[in-house]
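Protein chains: 2
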Amino acid sequence: MNEPVGLRELKKERTRETIAETAIRLFLAKGFDQVSVTEVAATAEVSRRTLFAYFPTKEDLVLQRFADHESEAARIVRSRPAGQDPLEALREALLAALEQRDPNTGLTDDPEAKAFFGMILGTESLAVRLTRYASRGIDALAEALREAGADPLVARLTAAQVLVVQHELAVMNHTCLTAGESAGERHPEAVRAAERAFDLLSHGVGDKASGAPPAPRSEQVPRPQ
Amino acid sequence: MNEPVGLRELKKERTRETIAETAIRLFLAKGFDQVSVTEVAATAEVSRRTLFAYFPTKEDLVLQRFADHESEAARIVRSRPAGQDPLEALREALLAALEQRDPNTGLTDDPEAKAFFGMILGTESLAVRLTRYASRGIDALAEALREAGADPLVARLTAAQVLVVQHELAVMNHTCLTAGESAGERHPEAVRAAERAFDLLSHGVGDKASGAPPAPRSEQVPRPQ
DNA sequence: CCTTCCTCCTGCATCCAGTGCAAAGATGCA
DNA sequence: TGCATCTTTGCACTGGATGCAGGAGGAAGG
């Protein structure tokens, strides 16, 4: 599990970075659909053919950085404190991510991160390809939940629900931010929404999908790590 | 909102049908990726260019029939009996669909429907494009839930959860059927899974995602409102 | 029946994403 | 230095998708 870093591996990694950076820079500047891979390749000073050796599709130029995060949720569940409920671990991780303005929560003031997020949501082919990564994330999370002792059916359904909900929350946050709010302004509401969402996951919408907020879980045991 | 059916409209509709049917027939026979649109066009006896006038992409040749169903869930909620809980309406609709072996539940013995379902799930570009239709379904269902009086946040999250869960259930059913089970054999388990899923939606996974089935909801209070 | 108009169909040229192949170049190693 | 291996590259090709201009065939009016 180690890198025998020879000249080859080094240059490869560097080339890969250069290509991805160049691509994202161009895409952010002119729009994903307005830039051809030929243009990316030329700007990154590699041949078209080489670019495709590193990134199987144009979309992957943007999204492969999500590949690392695709099993994030599963990892959180696996590395949770002994005895802690998986959902609780995921909830805390989300709140922590919001606190740190993790770009994946949609809650960040970094203009480039916002633009990046917006580009993905606003580009059909990217949004679509992103769900592919998400669905692999579902598989991973479901597996982790089974390891945690969940019934396979429940594990799968819960995994799907958690990830779709996290995605929706991120989209909502991003929407508010592009509407002019700052991350700081949005943060309290983002936290409320996240807690509400996990309440729904834990306790359901009840018999009334319309219901008022269920008993607000005012104080949460503060568990960093 | 009416069709002034002249010869033109008639032929157009017929052509559209012919193209879609031809395409699906060819795709089922040889696989989606193994058939080019050129071949579809030739077989349907229209020009390539005409085909693209009817269907914007190759995927739409297969998926546009889902466009009608994309707001199905929203319709169910809107047309539910007065006083019924939206989730309850969706639950009943799903059980009814299972009973009728609705192909969309993945539970059908019709070989063509099974093959169709399998082709979509087994073809990257189709599976991915399908989620696009699903996400429009989320928008519609969320809107319907808001109309039903739900808090906007809850509406959106619930809508996303319901549809993702229905999709997962359908995939599970389809998996069992392709493994050799008949729809009749699978049905009881499919019903159990569906009820379990709606229990999760209504009452949550509880504090233990691992828990044994929560108190079996023998009878549902029929009238919370 | 003929003419005019309009719409839809068609072929062609073109762009772009993605792949196979074989030659040329760089690197690691003896 | 020389050999084996892996990268890079150019080229040709497939297949999806679009723009354009001309043609065919319904629709409408005389």
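Chains as they are written, first to last, in numbering that gives the first Met the number 0: chain G, 0 to 224; chain P, 0 to 224.
Positions of the beta carbon are idealized from the N, C-alpha and C atoms, including for glycine.
In this structure, the alpha-carbon of G136 (chain P) lies about 5 Å from that of E69 (chain P).
Identification of chain G residues near L156 (chain P) by a Cβ-Cβ cut-off of 7 Å yields V164, E167, A196 and L199, ordered along the chain. Contact between I18 (chain P) and V36 (chain P) is absent: CB atoms are separated by about 10 Å, not below the 8 Å threshold. The beta carbon of P102 (chain P) sits closer than 6 Å to those of A112, all from its chain and outside the five residues before and after it, given in chain order. For Q160 (chain P), the chain G residues whose C-beta falls within less than 7 Å of its own C-beta are Q160, V163 and V164, listed in chain order. Using a Cβ distance threshold of 7 Å, T130 (chain G) and T130 (chain P) count as a contacting pair. Not a single unbroken stretch of the beta strand (DSSP E) spanning 3 or more residues falls wholly within the region 20-99 of chain G. With its beta carbon less than 7 Å from one in chain G, V127 (chain P) belongs to the interface. In this structure, DSSP gives S201 (chain P) a helical state, which the three-state scheme calls helix. G105 (chain P) sits buried, since 16 or more C-beta atoms from the chains shown fall within 10 Å of its C-beta. Of the candidates G:E98, G:R145 and G:V170, the residue whose Cα lies closest to the Cα of I119 (chain G) is G:V170. Contact check for A139 (chain P) against A154 (chain P) fails: the beta carbons are separated by 7 Å or more. Straight through space, the alpha carbons of D59 (chain G) and S124 (chain G) are spaced by roughly 11 Å. L129 (chain P) carries a helical assignment under DSSP once its states are collapsed to helix, strand and coil.
Counting the other Cβ atoms within 10 Å of the Cβ of A95 (chain P) gives fewer than 16, which makes it exposed. Between R77 (chain G) and R145 (chain G), the alpha-carbon positions lie close to 11 Å from each other. Less than 7 Å separates the beta-carbon of V127 (chain G) from that of V127 (chain P). Between P80 (chain P) and A147 (chain P), the C-beta spacing is not below 7 Å. A direct Cα-Cα distance of roughly 11 Å separates A149 (chain G) from A158 (chain G). For L156 (chain P), the enclosing alpha helix (DSSP H) has its first and last residue at P151 to T177. When DSSP states are grouped into helix, strand and coil, A141 (chain G) belongs to the helix group. At a cut-off of 7 Å between beta-carbon atoms, A81 (chain G) makes no contact with chain P. Residue P:N172 holds the alpha-carbon nearest to the alpha-carbon of A192 (chain P) among P:V161, P:L152 and P:N172. Within 8 Å of the CB of A192 (chain P), the CB atoms of chain G belong to L152, in sequence order along the chain. Burial state of S181 (chain G) is exposed, judged by a 10 Å Cβ sphere holding fewer than 16 other Cβ atoms.
In the DSSP assignment, P102 (chain P) falls outside any alpha helix (DSSP H), carrying neither H nor E.
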